[in-house]
Amino acid sequence: MPLSASSVALRNDAEAELSALINQLSQCTGSCAPERSATIAKAACTSVLASAELLLQ
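Next up, the structure:
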(Lines of atoms letter the chains of each structure in order from A and count residues from 1; the text may use other names and numbers.)
(Lines give C-alpha, C1' and ligand atoms only; values in the text may rest on other atoms or scores of the structure.)
Protein backbone atom coordinates (compact mmCIF):
# COMPACT_ATOMS: atom_id res chain seq x y z
CA MET A 1 0.00 0.00 0.00
CA PRO A 2 1.64 3.28 -1.08
CA LEU A 3 2.08 6.13 1.33
CA SER A 4 -0.30 9.03 1.02
CA ALA A 5 0.49 12.63 1.79
CA SER A 6 -1.51 12.36 5.00
CA SER A 7 0.59 9.46 6.31
CA VAL A 8 4.02 10.96 5.60
CA ALA A 9 5.89 12.14 8.67
CA LEU A 10 6.21 15.87 9.06
CA ARG A 11 9.76 17.14 8.73
CA ASN A 12 9.77 18.50 12.31
CA ASP A 13 8.58 15.14 13.65
CA ALA A 14 11.23 13.26 11.68
CA GLU A 15 13.96 15.63 12.85
CA ALA A 16 12.82 15.26 16.46
CA GLU A 17 12.89 11.45 16.23
CA LEU A 18 16.32 11.48 14.61
CA SER A 19 17.63 13.86 17.27
CA ALA A 20 16.21 11.61 20.00
CA LEU A 21 17.95 8.60 18.41
CA ILE A 22 21.27 10.43 18.30
CA ASN A 23 20.91 11.64 21.89
CA GLN A 24 20.02 8.15 23.13
CA LEU A 25 22.93 6.51 21.31
CA SER A 26 25.44 9.15 22.36
CA GLN A 27 24.90 8.74 26.10
CA CYS A 28 28.15 7.38 27.42
CA THR A 29 29.48 6.74 30.90
CA GLY A 30 33.01 7.62 29.86
CA SER A 31 34.06 4.15 28.76
CA CYS A 32 32.79 4.22 25.17
CA ALA A 33 34.87 3.09 22.23
CA PRO A 34 36.60 5.82 20.19
CA GLU A 35 34.67 4.85 17.05
CA ARG A 36 31.31 5.43 18.77
CA SER A 37 30.73 8.75 16.95
CA ALA A 38 31.13 7.05 13.58
CA THR A 39 28.73 4.30 14.66
CA ILE A 40 26.14 6.88 15.73
CA ALA A 41 26.49 8.73 12.41
CA LYS A 42 26.00 5.46 10.52
CA ALA A 43 22.91 4.64 12.57
CA ALA A 44 21.40 8.06 11.90
CA CYS A 45 22.10 7.87 8.17
CA THR A 46 20.75 4.33 7.99
CA SER A 47 17.52 5.29 9.72
CA VAL A 48 16.93 8.06 7.17
CA LEU A 49 17.97 6.06 4.12
CA ALA A 50 15.92 3.03 5.14
CA SER A 51 12.72 5.01 5.65
CA ALA A 52 9.89 3.97 3.37
CA GLU A 53 9.19 7.59 2.50
CA LEU A 54 12.65 8.07 1.03
CA LEU A 55 12.56 4.73 -0.78
CA LEU A 56 9.35 5.68 -2.56
CA GLN A 57 10.49 9.12 -3.69
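Converting from the sequence shown to this note's numbering requires adding 1316 to each position, the first position being numbered 1. Ideal Cβ placement from N, Cα and C applies to all residues, glycine included.
- Here residue 1353 carries a helix assignment [DSSP, helix/strand/coil].
- Straight-line measurement puts the Cα of residue 1367 at about 30 Å from the Cα of residue 1345.
- When DSSP states are grouped into helix, strand and coil, residue 1345 belongs to the coil group.
- CA-CA distance, residue 1331 to residue 1364, rounds to 10 Å.
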